[in-house]
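Here's the structure, in structure tokens; my notes come after.
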Amino acid sequence: MTSTFDRAALHAALGDPVRLAIVDELTSSDRAPIELRAMLRIESNLLAHHLDVLDQVGLISRHRSSGDGRRRYVHLNRDALGSLMPGPRPVLADALFVCTHNSARSQLAAVLWRHAAGVPASSAGTRPAERVHPGAVAAAARAGLDLTDVTPRSLAAVEVVPAIVVTVCDRAHEELGDRAGWLHWSIPDPVPVGSDAAFDQVRDEIAARIDDFVRSAA
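Okay, so the sequence shown: first residue is 0 according to numbering that gives the first Met the number 0, each after it adds one.
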């Protein structure tokens with residue numbers, strides 16, 4: 000159980016308008032510091048201070064990009080918020096998930112979204128592979144989901160962009176740039192590791208994010 004002192008520290012961290020705005024933004028999307036700077040229009044040293052405060056109370060975590068290694072992404076630790084969850088309530092709608100090869104993360108995200116949210120979802124890649132990775136097909140099957148008849152497609156082939164677009168690959172996010180209204184989930188690529196555990200871990204992380212989104216929209 001969270002102590003009174005820990006809860007007070009959370010409230011204090013969220014008592015600053017800039018830090019509250021950061022957490023609001025991270026409610027739906029991971030962001031790089033350079034993206035937060037542009038949104039908030041503050042200098043890098045001030046942003047670093049605010050991120051340090053949020054980090055110290057366990058509200059955020061930071062990790063290196065799997066695309067451009069010079070970047071780091073800031074992720075909201077939702078468990079630390081509990082009943083203090085800020086931010087606008089999201090709206091469930093059709094979704095498009097994007098990664099580089101459209102062979103693993105984005106395919107898993109689309110099938111998990113359809114299963115959890117009960118609304119349509121599709122996926123695409125900036126440089127699509129020839130087939131969905133067998134590891135992703137197997138990970139989906141272990142969760143009772145089917146990716147056997149799915150084939151990768153190019154983002155350029157998407158004619159109608161739905162209300163919700165989420166990049167689930169750092170490389171794709173950095174290649175496409177920060178697009179207004181698009182979300183980013185910084186999910187590690189399971190392909191280099193290649194093990195069942197790696198694919199299951201990625202599947203479960205995506206599923207947890209989708210479940211959070213669905214609960215927030217309820």
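We treat Cβ as the ideally placed atom computed from N, Cα and C, and that holds for glycine.
So, at 8 Å on beta carbons, what are the nonlocal neighbours of residue i in its own chain, with the 5 sequence-adjacent residues on each side left out?
i	result
R18	A12, H49, V52, L53
A103	V131, H132, G134, A135, D188, P189, V190, F198, V201
Taking C-beta to C-beta, are residue i and residue j nearer than 8 Å?
i	j	result
V160	L182	no
A123	L154	yes
L25	H74	yes
A20	L45	no
G68	R170	no
Answer with buried or exposed for residue i, where buried requires no fewer than 16 other C-beta atoms within 10 angstroms of its C-beta.
i	result
Q106	buried
T125	buried
F4	exposed
S194	exposed
S185	buried
H172	buried
A94	buried
E129	exposed
R208	buried
E42	exposed
The ligand PLP and residue i: does any heavy atom of the ligand fall closer than 7 Å to the residue's C-beta?
i	result
V52	Looking for the ligand PLP in the displayed structure turns up nothing, as the structure carries no ligands at all.
Return the chain-ordered list of same chain residues with a C-beta closer than 7 Å to the C-beta of residue i, the five sequence neighbours on each side being excluded.
i	result
P89	S27, F212, S215, A216
N76	G57, L58, I59, S60
Please list, in chain order, all residues of the same chain as residue i whose beta carbon is under 6 Å from its beta carbon, the five residues on each side excluded.
i	result
R63	R71
A138	F198, D199, R202
A8	V56
R113	A120
V167	F96, C98, R104, S105, A108, W184, I186
P151	N101, S102, G124, P127, A128
Between the C-alpha atoms of residue i and residue j, what's the straight-line distance to the nearest angstrom?
i	j	result
E204	L111	11 Å
A206	G117	13 Å
S2	I163	37 Å
R141	D78	26 Å
D23	L175	23 Å
L80	A47	21 Å
Roughly how far, in whole angstroms, is the beta-carbon of residue i from the beta-carbon of residue j, given that I think they are within contact range, below 8 Å?
i	j	result
A115	D210	6 Å
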